[in-house]
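For the protein sequence lines, the chains are A and B, in the order given. In this text, residue positions in the first sequence follow full-length UniProt numbering: the first is 1, and each later residue adds one. In this text, residue positions in the second sequence follow full-length UniProt numbering: the first is 1, and each later residue adds one. Think of the CB as a built atom: it goes at the ideal place given N, C-alpha and C, for glycine as much as any other residue. Being a predicted model, the structure only gives us computed values, none of them experimental. The block underneath contains the structure these notes are about, expressed in structure tokens.
2 protein chains.
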Amino acid sequence: MALDTAPVRVGILGMGTVGQGTVRVLQRNADEIRRRVGRELRICHAAVRKPERLHGLELDARVSADPWAVVRDPDIDVVVEVMGGIDPARALTLAALESGKHVVTANKALLALHGNEIFAAAQARGLMVAFEAAVAGAIPIVKTIREGLAGNRIQSLMGIINGTSNYILTQMYRESWDFERALAAAQELGYAEADPSLDVDGGDAAHKITLMASVAFGIPVDFAHCHVEGIRHLQRQDVAFAAELGYRIKLLGITRRCDDGVELRVHPTLIPASHLLASVEGPFNAILVHSDAAGQSICYGRGAGGDPTASAVVADLVDVARTMTADPSNRVPHLAFQADALTALPLLPMAAVESAYYLRIEAANRPGVLAQVAAVLAAHGVSIEALIQRERLGAETVPIVLVLHRCREADLDAALVQMAQLPVIGGEVLRLRIENIDQQG
Amino acid sequence: MALDTAPVRVGILGMGTVGQGTVRVLQRNADEIRRRVGRELRICHAAVRKPERLHGLELDARVSADPWAVVRDPDIDVVVEVMGGIDPARALTLAALESGKHVVTANKALLALHGNEIFAAAQARGLMVAFEAAVAGAIPIVKTIREGLAGNRIQSLMGIINGTSNYILTQMYRESWDFERALAAAQELGYAEADPSLDVDGGDAAHKITLMASVAFGIPVDFAHCHVEGIRHLQRQDVAFAAELGYRIKLLGITRRCDDGVELRVHPTLIPASHLLASVEGPFNAILVHSDAAGQSICYGRGAGGDPTASAVVADLVDVARTMTADPSNRVPHLAFQADALTALPLLPMAAVESAYYLRIEAANRPGVLAQVAAVLAAHGVSIEALIQRERLGAETVPIVLVLHRCREADLDAALVQMAQLPVIGGEVLRLRIENIDQQG
Chain A
1 MALDTAPVRV
11 GILGMGTVGQ
21 GTVRVLQRNA
31 DEIRRRVGRE
41 LRICHAAVRK
51 PERLHGLELD
61 ARVSADPWAV
71 VRDPDIDVVV
81 EVMGGIDPAR
91 ALTLAALESG
101 KHVVTANKAL
111 LALHGNEIFA
121 AAQARGLMVA
131 FEAAVAGAIP
141 IVKTIREGLA
151 GNRIQSLMGI
161 INGTSNYILT
171 QMYRESWDFE
181 RALAAAQELG
191 YAEADPSLDV
201 DGGDAAHKIT
211 LMASVAFGIP
221 VDFAHCHVEG
231 IRHLQRQDVA
241 FAAELGYRIK
251 LLGITRRCDD
261 GVELRVHPTL
271 IPASHLLASV
281 EGPFNAILVH
291 SDAAGQSICY
301 GRGAGGDPTA
311 SAVVADLVDV
321 ARTMTADPSN
331 RVPHLAFQAD
341 ALTALPLLPM
351 AAVESAYYLR
361 IEAANRPGVL
371 AQVAAVLAAH
381 GVSIEALIQR
391 ERLGAETVPI
401 VLVLHRCREA
411 DLDAALVQMA
421 QLPVIGGEVL
431 RLRIENIDQQ
441 G
Chain B
1 MALDTAPVRV
11 GILGMGTVGQ
21 GTVRVLQRNA
31 DEIRRRVGRE
41 LRICHAAVRK
51 PERLHGLELD
61 ARVSADPWAV
71 VRDPDIDVVV
81 EVMGGIDPAR
91 ALTLAALESG
101 KHVVTANKAL
111 LALHGNEIFA
121 AAQARGLMVA
131 FEAAVAGAIP
141 IVKTIREGLA
151 GNRIQSLMGI
161 INGTSNYILT
171 QMYRESWDFE
181 RALAAAQELG
191 YAEADPSLDV
201 DGGDAAHKIT
211 LMASVAFGIP
221 VDFAHCHVEG
231 IRHLQRQDVA
241 FAAELGYRIK
251 LLGITRRCDD
261 GVELRVHPTL
271 IPASHLLASV
281 EGPFNAILVH
291 SDAAGQSICY
301 GRGAGGDPTA
311 SAVVADLVDV
321 ARTMTADPSN
331 RVPHLAFQAD
341 ALTALPLLPM
351 AAVESAYYLR
361 IEAANRPGVL
371 AQVAAVLAAH
381 GVSIEALIQR
391 ERLGAETVPI
401 VLVLHRCREA
411 DLDAALVQMA
421 QLPVIGGEVL
431 RLRIENIDQQ
441 G
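Here is the structure:
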């Protein structure tokens, strides 16, 4: 039982926030990590485009400007890819695997788009690709789904998995700000990038829920079929109407196993204000998992940032260090299920999804409008659960807010097409989905 | 890379709620589990005292009334101990290890009291003792601390880890019931045993926080030094006063790393009503972890019951199945840290703990009482942050409720001794601790 106590030799690609965080955490907690793993995790080679990023890190490692030097370094066991982007990250990752190195990555976009190719390359060579850091920062949700709930048939995941949009929605609710003001504040705090589209248009959350769906259900990664809506079109009044109806609006990534396939979608969603998820505020993330034996589980924590993401990178490095000498076939599979046991369940089009809905309709300010709207909905089998209609003296249009019972989205789509043709409807109808999750579920 | 596809042969001791749940989950999710692990987890031998418990389970296994038959069965790889109690569970567990079998156990009392002996026996033989099911049912908190946060220096854990007492406190708050009525309701719902003392007096939570402290800090198991207070002495009015002051009362297991040792304690605790933990209601459990890189993390889920606990048992079986062929020295250590790297940090006596406090003092209904109380506190360097004092016309005594700033418990102890000697104080003073946790922390 002699433990292989040689250091694990780590190469790292990228020295931005997460790369620096990884170096800092490995240095600060070196003793604690060695007590756990029985050996050192040593960064031996770092690829850094801007050498000034190493200032203050006291990194005792070879430094290259060229990331290919790290990938080709024969004295490296594991490559940590925290440079982001698709090119050259994809080629570098494949080359690292080609040369027999395990990979730890925080690159959600890369895996959501090219995961199947990367996992297949790793599988062929008996190598690990660990990606806890790609999903929800410090929250060990990949491990929880993949291992902690391994005895379960997982039914659904619902996650607040983009901190920037969650901060914006929190401020729109708490401070009654409009979207633009909340976005500006997020940018000032450093939560949002100068180009915030990946965050507020849902792409980042979609990358993450795509990866989680694969791990939960044992399906190949299929980002192309993820339905994505962001939060740009939400108005302050929608947040207020939702609150009045007992809901909060959150940008959720949702994936659910149904009889005829898997739902995979990101969109702003009304959830009951009394549910724990509704209280997840600011830059925090949380993922709600429904599974058959465990019931309802929630994991909550910091979803981004240097140190929290580094927490996940290092946890993956520890896992790799522990299993790199093991028989590859007995390791935890990349996507939680054995590579030959993945099943390509169909991803359902949105038209096939069933949901409850929130509608905000800008309608002419005169009697009888609601009756016309209700008639169109009824004609498509869609029924109304609640409504808010406000007098607005002298205004040309007023908002009508409806909460609809569960129906097939195709039926509502058809109703909305017909509704748009009503002369009393002015402008677009805002349609949001509602998830009536029950905290005791 | 040929996968060893022979079934993992499981023996199970006990067929109560958790044993039956384990059989049901393994049967129901057999396909899902095989897709994950690549091999079958097969119950081959079950020890059942009451054979009628097998009705309806269709268990295709050898059945023995004598648990020793399972432990001595040479055709068993892993023993699942879900019988509970110390004797004969301790002897059976040691015997299973002695005969080269891995152990998966849900027995928190056994490990809290005899864990060091059991882990040492396992270590000597290169065997696993997995105990996710012993702590917080379906919540994979052991895995989260041990692996998911392996890169962190963990600072503290705070957990709602006893569902029965949490249900009682929830009802005392929501329905304004007194303790006895809420306990009776818990017993009617099957949450509480006929003898509820292990739940309401804190022993069960103490077993769990003791185990979690070891895994978080790498210290030997030391239940004897865990400070334990239950919730029997709480009155309806305390729950109401706490709410008025912006707090909820929860029975928390707390462990924290300090400069001079480790705090380990279970007691009713006031926490801010706005914190997510305060919204954990009924039979649910949640554990808040503070660590240096991840920051604040929370895991939430069902803390007990057949299926949720079975979820943890099966997850442990999956882990064992994956690593039973691995070099033992590269496996995740029993207590998260290498056996030779455990450090017996001193467990601090309560007198050395620093906390904020809630005091309810039954005092004579006359002027000047508060001044006397404040003077005693001030003399010991304890200062008052807030207070509630109510007129009660004609009453002989009135409650005075004080919120105290953080101080050393020894100082407050001394003040309370002196306070008890004041003629104006009638009866005991209730002292509860306050944790001013910040959700953004």
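- When DSSP states are grouped into helix, strand and coil, residue 275 of chain B belongs to the coil group.
- By DSSP's assignment, residue 268 of chain B forms a beta bridge with B:251.
- Within the stretch 134-181 of chain B, the runs of beta strand (DSSP E) that reach at least 3 residues and sit entirely inside it are, in chain order, 154-160.
- In terms of CA proximity to residue 169 of chain A, A:184 leads the group A:305, A:184 and A:416.
- In this structure, A:405 is the residue among A:405, A:362 and A:391 with its C-alpha nearest to the C-alpha of residue 378 of chain A.
- Here residue 301 of chain A carries a strand assignment [DSSP, helix/strand/coil].
- For the stretch 110-130 of chain B, residues whose beta-carbon sits nearer than 8 Å to a beta-carbon of chain A comprise 126.
- Here DSSP, grouped into helix, strand and coil, assigns residue 20 of chain B to helix.
- Within the same chain, 199, 200, 231 and 251 come within 6 Å of residue 165 of chain A by CB-CB distance, once the 5 residues on both sides are set aside.
- Under the three-state reduction of DSSP output, residue 349 of chain A falls in the coil class, being neither helix nor strand.
- For residue 287 of chain A, the enclosing beta strand (DSSP E) starts and ends at 284-291.
- Residues of the same chain with a CB within less than 6 Å of the CB of residue 77 of chain B, apart from the 5 flanking positions on each side, are 8 and 9 in chain order.
- Counting C-beta pairs closer than 8 Å gives fewer than three between the stretch 248-262 of chain B and the stretch 108-120 of chain B, which falls short of the contact rule.
- Apart from sequence neighbours up to five positions away, the residues of its chain that approach residue 59 of chain A with a beta-carbon distance below 7 Å are 23, 43 and 46, ordered along the chain.
- Beta-bridge pairing by DSSP links residue 356 of chain A to A:434.
- A distance below 8 Å between beta-carbons, with the five flanking residues on each side excluded, links residue 136 of chain B to the following residues of its chain, in chain order: 159, 161, 208, 285, 287, 299, 301 and 303.
- When only Cα atoms are considered, residue 345 of chain B and residue 211 of chain B end up about 15 Å apart.
- Proximity of residue 311 of chain B to chain A, defined by a Cβ-Cβ separation below 8 Å, is satisfied.
- Listed along chain A are 35 and 36, each with a C-beta nearer than 7 Å to that of residue 337 of chain B.
- By the CB criterion at 8 Å, residue 204 of chain B and residue 21 of chain B fall outside the cutoff.
- Residue 130 of chain B has B:104 as its beta-bridge partners, per DSSP.
- Note on residue 139 of chain A: 16 or more other CB atoms within 10 angstroms of its CB, so buried under the neighbour-count rule.
- In this structure, residue 218 of chain B places its C-beta atom within 8 Å of the C-beta atom of residue 342 of chain B.
- Straight-line spacing of the CA atoms in residue 289 of chain A and residue 266 of chain A works out to 16 Å.
- Only 322, 323, 324, 325, 326, 327, 328, 329, 330, 331, 332, 333, 336, 337, 338, 340, 341, 342 and 343 from the stretch 322-352 of chain A bring a Cβ to less than 9 Å from some Cβ of chain B.
- Within chain A, no C-beta atom comes less than 9 Å from the C-beta of residue 44 of chain B; the nearest is roughly 18 Å away.
- Shown here, residue 214 of chain B sits in a helix according to DSSP, grouped into three states.
- For residue 4 of chain A, the number of other beta carbons within 10 angstroms of its own is below 16, and it is reported as exposed.
- In this structure, residue 437 of chain B places its C-beta atom within 8 Å of the C-beta atom of residue 272 of chain B.
- For residue 100 of chain B, no CB of chain A lies under 8 Å from its own CB, so it is not counted at the interface with that chain.
- Taking a Cβ-Cβ cut-off of 7 Å, the neighbours of residue 440 of chain B in chain A comprise 282, given in sequence order.
- Remark: three or more beta-carbon pairs, one from each stretch, lie closer than 8 Å, so the stretch 385-399 of chain A and the stretch 358-373 of chain A are flagged as touching.
- In the same chain as residue 386 of chain A, and ignoring 5 residues on each side of it, the C-beta atoms closer than 8 Å to its own belong to 245, 402 and 403, in chain order.
- Boundaries cannot be given for residue 38 of chain A, as no beta strand (DSSP E) includes it and DSSP labels it neither H nor E.
- For residue 319 of chain B, same chain residues with a beta-carbon under 7 Å away, outside a window of 5 residues either side, are 130 in chain order.
- Residue-level contact check: residue 168 of chain A does not touch chain B, since none of the beta carbons of chain B fall below 8 Å from its beta carbon.
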